[in-house]
Amino acid sequence: MQSFEYASPTTLQEALSLLSTQWGEVDILAGGTDLLALMKDYIHTPKRVVNIKGIKELGGIQQTSAGLRIGAIVTIRELLENELVQKEYPALIQAARGIRGMQLRNMGTIGGDLCQRPRCWYFRNGFGLLALKDGKSLIPDGENRYHAIFPQGQAYFVSASSFGPPLIALGARVKLASTGGTRELPVEQFFVAPQREGEREIALKPNEILTEILVPPAKGVRNATYEIRPDEGVNWPLVTASVALRMEGNRVASARIVMGHVGPTPVQAVKAAAWLKGKQITEAVAEEAGRRAVEGAKPLSQNGYKVQLAQVAVKRALLAAVAK
Amino acid sequence: MAEYRWPPVNQRRVIGRPVNRVDGLVKVTGRATYSSDVRRPGMLYAALLTCPYAHARVRSIDVSEAERSPGVRAVQVLAPAGTEINWAGADVAMVAAETEEQARDAVRKIKVDYEVLPHLVKEFDLSRAQAMNRAKPSGEAVTGDPDQALKEADVVFEGEYTIPVITHSCLQPHGQVVAWGEKEIEFFANTQAVSTVGADLAKALEVPAEIVHVQQHSVGGAYGSKFQAESWAAAAARLSKAAGGRPVWFHLDRRTELEVAGCRPSYRARIKIGAKKDGTITVWDSQSWATGGFTGGGLSANLLPFVFVKIPNKRFNHTAVSVNTAPARAWRAPNFPQVAFLTCAALEDLAAQMKMDPLELFLKNVQYTDRPEVYAWQLKKAAELIEWQKKWHPRGQGEKGPVKTGLGIGIGTWGGLGHAAQCRTRIHPDGTVEIELGSQDLGTGTRTVICQVAAESLGLRVGDIRLKIGDNRYPVAGASGGSTTVGGVSAATRRSTLNALDELFKRVAPSLGVSPDQLEAVDGRIRVKGDPSKSLSWKEACQKIGNSPIEAMGANDPKSPGGLISGGVGGVQMAEVRVDTETGQVRLNKLVIVQDCGMIINPKTAESQCYGAATMSICAALMEERIMDQLTGRFINAAYDFYRIASIMDVGEIVVHLDNRPEHDARGVIGLGEPPVVPTIAAISNAVANAIGVRVPEVPITPDRVLAALARRKA
Ligand SMILES: Cc1cc2nc3c(=O)[nH]c(=O)nc-3n(C[C@H](O)[C@H](O)[C@H](O)COP(=O)(O)OP(=O)(O)OC[C@H]3O[C@@H](n4cnc5c(N)ncnc54)[C@H](O)[C@@H]3O)c2cc1C
């Protein structure tokens, strides 16, 4: 890892003043479970690292009138153990359970999870996030078994965050602060597919800190996450699906279905969700919703199986959401 | 003269007991030292520059900026201009600096201009390999008349199977601390060959072997990849010399460790087997190809068919493919897990085609093995432990729902005859017992079994033995490979301790008024046989030694093993898996291991070997795979996020049954490090086929492959 200057401010304002307007100059350090690996591999070579774990106002989980406020430096473990989350947001708990490493749960933060870099092996081996060679991505002709089945432009990597899909399904927003003030974004707008090498996969600006996540109340919203993992270890899912169903009686009034690890951002299955309106979730309906969710998928040479996995994940997430 | 035999079962006091590891406490409390823990005064840290290309020629290399980098004390160019590099991760240059960070920073300042050359990193496209002149036929071996036998067979089955390259994945990466001083080279090694690795380093450095002093306490795994001194040790030694003899610490980073520090060959085979209606196999015909890296990948004809070696008609045809990856190294039971998979998968597929219970087919054909009775017994024992009769169903005819279970069989063999080893025993007048061997404990329990053997001979407790291993100044002992260590060290220790005891008896006998041969050492006392009232405590007895300690040697010679050791073991494993046929996820419910290994010194460490070995093969069966990217020439998953190995949750229930019936005990000690790694992949692959009704022809059996196999069946 390259030498760097280290700052550990205790206020948000101080932290913000230490950031840069250019990517690559300064990195924010939360749990460090991703950042340190990136630095050791020289994928990130910041001149300054700003630790935000000492900033109290970035912590804590509170119930507010607008729903749940989750501070950015809340750890995965704190989230898992929080009763408010357990009560209304099984989709978040199930996603958090998938992150199996105790060390990851103890150190990793929810803000860091949303901001973590993709796991694409070309990216992690130093070939760039889009893995371009002479302007063309290496991925379609390369090793792409874990890559996107819903690519966007030249972006074939998959978004890594396990919390992205359930937060989008639940209609959550993120708050981003800079020295100029704060802004809020729906989580689905936080994830973006970069068009050019050097662009980020999140809407965060280099001089901003993600300060909190606001999740609307989910009383009566049936929600669940279903992950398909290659094994039981400390590992990445192959595909995930999160769903949130607003019910009228036992029929769906409105639905959100979001798939993870299938595209450079979490992918919303808008049509499948609309189709669910007015329906009762049965095995057959869930299966059909799964089928509709993967319509338009464009698998690569080695990842066709992910279409089937996404279909099954959606089906099982829907059934889990309505299970007693 | 002592009689070199093992005591009869009912007289063993320490041997055969599940003694805890003597180094367990220092390990679990973090006090055991590995080469990477060694800290010496004035020590420098080295970092390595490796080549990012799979095939390239170095046009020029400029280290001047690195030499001026802060903290740098020495730089070694390992691939000077003109060097042709044949795999990514190969050595280019090494830098020693005051801190590891400074060394890494400096390495990045080295400027190398490469001429990038065409590469081949994937072995299974044979026509491409042939076009690039990378495929070398390694001959054909024929027994009987396979073509005629195929014509005459009642049933012929044909299948193709693939098993990829995997790495050793030692928990502790390769590396060492080395100091080239004025009089000697201190070598804090990380090796499975304490007695020979020093001479290996000396040869590379062109210095006399005796000046290299090797020391080692613990090793974080080796599995066949840590026999040599390595280019990194030689380079670090030269850096040390250039820095005035300051010790140099160097260990590989994980990526380079995975890329270059050990892997085993892949195999793909097309197999034809013919059989009679009753399941008796009459002919085997296989064509295989494989790579063991840049140097190709041989496979000797006697390895296929595996175990069923006496099938009367056989053809074996193999092609070695050279690819631009680091050469393979011996990997725990070299080649055997792969050929066990190829053979047992083909047999199980034949049974399925014949609508026969594979257990019956295996039993029918044990006649073609070297040890029919042993395999028949082990097959039946394993079947009993996994409840074969109750749980087995014809292929694909299990549960109705999406999750299916299945059972499968794997079978294996190994040698394991103890290696040459010498042991020195000293009994001091104060009663202390010192045992010395130039051996090593790779985590297998070697220290513990030596102490048990010594304690047994001397009538003492394990804790009474002061054992010294891990130093090339101790009596020479073999490298730990081929499951030869336990036989080698226990036989040498037995002889040496009995020789020492003989001498003690001579000195003690007069004071007990008997002849030496009337004495025995039991429960911490030297006593007269048949008259336990006439005895001395160990301490009192040792006071009769005089001023200088008793010293006695003992050796094991595999060429004349005597009754203490032998070689040749068999094993059968049966797996029960469950497969989610909608997602392709496979989970291991249970694995039964039935294994013979001769006389068992410590059932606890023996079982541990089985757990560890099976776990490695569970990884190979379900998750582990080196993925080479032809576009970049890189081992693209050379990190533990996507180079997947099992967690505790993936292992399932493992049931170990050590087959130590009296006839096995009578054969003496035989090694067990490798045998249980052999049958597992086959058992799991067969269980998956049984569960889902179709063979997944390639391991690891990952969701994509399961779904593809199911889709092919539907089509
Ligand atoms: C083996 C392994 C398996 C894993 N499996 C999973 C998994 O299944 N699912 C999953 O979701 N994750 C998984 N992870 C990732 C893990 O959850 C993340 O690394 C972790 O959540 C990141 O949090 P952190 O606090 O450690 O972030 P850091 O490593 O500190 O930061 C990560 C990135 O986010 C930026 N950042 C952090 N906080 C903020 C903030 N508040 N504002 C702006 N930028 C910020 C940092 O600058 C950095 O770029 C896995 C990681 C490993 C190593």
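Chains as they are written, first to last, in the numbering used here: chain A, 4 to 327; chain B, 1037 to 1751. C-beta atoms are modelled at their ideal positions from N, C-alpha and C, and glycine is treated no differently. Source: prediction; values computed, not measured.
Close partners of A:Q311 in chain B (Cβ separation under 7 Å): L1743. Only residues of its own chain outside the window of five on either side were considered, and among them F1193, G1195, A1725, R1731 have a CB closer than 8 Å to the CB of B:D1385, listed in chain order. At the C-beta level, B:I1681 and B:E1661 stay beyond 7 Å of one another. Taking 7 Å as the cut-off, the Cβ atoms of A:A296 and A:V317 count as close. For A:I142, the Cβ stays outside the 6 Å cut-off from all heavy atoms of ligand 1.
By the rule that beta-carbons nearer than 7 Å mark a contact, A:G145 touches chain B. Sequence-distant Cβ neighbours of B:R1048 in its own chain, meaning closer than 8 Å and more than five residues away, are W1042, E1492.
If you look at A:S181, you'll find it in the beta strand (DSSP E) that goes 176–181. A straight-line Cα-Cα distance of about 31 Å links B:R1365 and B:A1110.
Near chain B, meaning a CB-to-CB distance below 9 Å, the residues of the region 117–130 of chain A are R122, W124, Y125, R127, N128, G129, F130. Look at A:V315: its C-beta is under 7 Å from a C-beta on chain B. Annotation: B:A1337 to B:G1648 spans about 29 Å, alpha carbon to alpha carbon. Nearest in C-alpha terms to B:V1359, of all of B:T1468, B:P1341, B:T1327, is B:T1327.
Judged by DSSP secondary structure, B:K1172 falls within the beta strand (DSSP E) whose first and last residues are 1171–1179. Under the three-state reduction of DSSP output, B:R1144 falls in the coil class, being neither helix nor strand. Ranking A:G281, A:P302, A:V273, A:N306 by CA distance to the CA of A:G293 puts A:V273 first. Using a C-beta cut-off of 8 Å, the region 1107–1123 of chain B makes no contact with the region 1165–1182 of chain B, since fewer than three inter-stretch Cβ pairs fall below that distance. Between B:T1441 and B:A1719, the gap from beta carbon to beta carbon reaches 7 Å or more.
For B:S1569, there is no enclosing alpha helix (DSSP H); the residue is found in the beta strand (DSSP E) stretching over 1567–1573. When CB distances to chain A are screened at a threshold of 7 Å, the residues of the region 1679–1693 of chain B falling below it are R1680, A1682, S1683, M1685, D1686, in chain order. About 5 Å separates the beta carbons of A:T36 and A:G111, which is inside the 8 Å limit, making them a contact pair. Membership of B:G1481 in any beta strand (DSSP E) is not indicated, and neither H nor E is assigned to it by DSSP. Of the residues A:L312, A:G114, A:K309, A:V161, the one whose Cα lies closest to the Cα of A:L132 is A:V161.
Annotation: the continuous beta strand (DSSP E) that includes B:I1629 extends over 1621–1631. Rounded to whole angstroms, the Cβ separation of A:Q305 and A:N147 is 5 Å, and the two are in contact under 8 Å. Residue burial is scored here from C-beta neighbours: B:A1167 has fewer than 16 other C-beta atoms within 10 angstroms and is therefore classed as exposed.
Its chain contains T1619, G1620, Q1621 as the residues whose beta carbon lies nearer than 7 Å to that of B:P1739, once the 5 sequence neighbours on both sides are disregarded; these appear in chain order.
Contacts with chain B at 7 Å (Cβ-Cβ) include A:Y308.
When DSSP reads this structure, B:S1324 sits in a beta bridge with B:A1305, B:H1354. Contact annotation for B:R1670 against chain A: N128 [CB-CB distance below 7 Å, chain order].
With a cut-off of 8 Å on Cβ pairs, the region 1526–1537 of chain B is in contact with the region 1454–1470 of chain B, counting three or more such pairs. Cα atoms of B:P1430 and B:L1658: separation of roughly 23 Å, rounded to the nearest angstrom. Taking 7 Å as the threshold, the shortest C-beta distance from A:D234 to chain B falls below it. The alpha helix (DSSP H) runs of length 4 or more contained entirely in the region 1194–1268 of chain B are, from start to end of the chain, 1230–1241. Under the Cβ criterion of 7 Å, A:I231 is counted among the residues facing chain B. The beta carbon of A:G167 sits closer than 7 Å to those of L117, V190, F194, G263, P269, all from its chain and outside the five residues before and after it, given in chain order.
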